[in-house]
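Undergrad: Here it is, the structure, as structure tokens.
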Amino acid sequence: MDKITENAYDIVTFLNTRGKRLYVSPSVAKTFGVNKEKLLSRNIFLDIHPGDIQLAKKIFNDVCKNLVKFIQT
Numbered sequence: 014m015d016k017i018t019e020n021a022y023d024i025v026t027f028l029n030t031r032g033k034r035l036y037v038s039p040s041v042a043k044t045f046g047v048n049k050e051k052l053l054s055r056n057i058f059l060d061i062h063p064g065d066i067q068l069a070k071k072i073f074n075d076v077c078k079n080l081v082k083f084i085q086t
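Note that this note's numbering gives residue 25 to position 12 of the sequence shown, counting from 1, and the numbers run on in steps of one.
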């Protein structure tokens, strides 16, 4: 995947259904100054503001429940 995203400015992240990062594009380190390996070891919800976490989890869970619909469209 890095071959596709290594020169892109877009931030690409793949997550599992529990919010664990499975892949982050090289642009993450360039954009945020964060080590790619550090992000891969952290759950995405640890990086969301506490005031937004409940809504973020609801949206994330809704997307995960309807994942097949998103892929098929």
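Here a beta-carbon is modelled for each residue, glycine too, at the ideal position from N, C-alpha and C.
(1) Among I66, F45, L53, which one has its Cα closest to the Cα of L28?
(2) To the nearest angstrom, how far is the alpha carbon of D60 from that of A69?
(3) Return the CA-CA distance between R31 and V76, expressed in angstroms with no decimal places.
(4) Secondary structure at T26, three-state DSSP: helix, strand or coil?
(5) Using DSSP with H/G/I as helix, E/B as strand and the rest coil, what is K33?
(6) What is the C-beta distance between S40 and T26, in whole angstroms, given that I count them as a contact (C-beta under 8 Å)?
(7) Return the CA-CA distance between V37 and N48, expressed in angstroms with no decimal places.
TA: Quick answer:
(1) The sequence position of residue 28 within the sequence shown is 15, counting from 1. Among I66, F45, L53, the Cα nearest to that of L28 is on L53.
(2) Against the sequence shown, residue 60 aligns to sequence position 47. Against the sequence shown, residue 69 aligns to sequence position 56. Using only the alpha carbons, I get a separation of about 11 Å.
(3) For the purposes of this step, residue 31 is taken as residue 18 along the sequence shown, with counting starting at 1. For the purposes of this step, residue 76 is taken as residue 63 along the sequence shown, with counting starting at 1. Straight-line Cα distance between these residues: approximately 12 Å.
(4) Stepping through the sequence shown from its first residue, residue 26 is reached at position 13. T26 carries a strand assignment under DSSP once its states are collapsed to helix, strand and coil.
(5) Your numbering for residue 33 matches position 20 in the sequence shown. When DSSP states are grouped into helix, strand and coil, K33 belongs to the strand group.
(6) Sequence index remark: in the sequence shown, residue 40 carries index 27 (1-based). Sequence index remark: in the sequence shown, residue 26 carries index 13 (1-based). In fact, because the Cβ distance is near 10 Å, the residues do not count as touching under 8 Å.
(7) Position 24 of the sequence shown, counting from 1, holds the residue named residue 37. Position 35 of the sequence shown, counting from 1, holds the residue named residue 48. In a straight line, the C-alpha of V37 is about 10 Å away from that of N48.
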